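Worksheet: one structure, shown below.
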Amino acid sequence: MRMFRKIAVAGTAAAVSTVLFAGTALAAPSYAEGLVVSSSGVKVRANATTTSRVVGSLGPWEKVRLSCQVQAKWVEGNNIWYRLHGQPGWVSARYVHNYTVVEWC
């Protein structure tokens, strides 16, 4: 039988908790998770604007990792853009649904 333990470590501003599973710490990811919700995919831009150069693309229904978000150029009623985690570029939140909280840049 495996034992689960939870320990709390006090930080300067708030308490931080770490969950231990069988002696190994499970750290929270440093990114948010999202999904491309456009059936034609989405262009990845160098900056958070539609006039910025295209540096790549993501396919329809592709899972993505998001580092942070900013308010920028409006795209079909949405002015939020996400910075991709682990690769350069930005995508409009109009075409990507976040499943976890995305921090502000």
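Positions -27 to -1, 1 to 78 (mature numbering (1 follows the signal peptide of the UniProt record, and there is no 0)) are the ones given, in order, by the sequence shown.
For each residue, glycine too, the CB sits at the ideal point set by N, CA and C.
Quantities reported herein were computed from a predicted structural model and do not represent experimental measurements.
Check: Beta-bridge partners of GLN44, as assigned by DSSP; Outcome: ILE53
Check: Closest residue to THR22 among VAL10, GLY62 and TYR4 (Cα-Cα distance); Outcome: GLY62
Check: Assigned secondary structure, GLY29 (DSSP; H/G/I helix, E/B strand, else coil); Outcome: strand
Check: Coarse secondary structure for residue 79, derived from DSSP in three states; Outcome: Limits of the chain in this structure are -27 at one end and 78 at the other, which puts residue 79 out of reach.
Check: Identity of the residue in GLN60, VAL48 and SER40 nearest THR24 by Cα; Outcome: VAL48
Check: Beta carbon of GLY50 nearer than 9 angstroms to that of LEU31; Outcome: no
Check: GLY59 classed as buried or exposed, judged by whether at least 16 other C-beta atoms fall within 10 angstroms; Outcome: exposed
Check: Pairwise C-alpha distance: TRP34 and GLY(-5); Outcome: For GLY(-5), the pLDDT reaches just 49, beneath the cut-off of 50, and the residue's location in the model is therefore unreliable, although a value from the coordinates is still provided. If I take the Cα positions, the gap works out to 36 angstroms.
Check: Within 9 angstroms, strictly: CB atoms of VAL43 and ARG56; Outcome: yes
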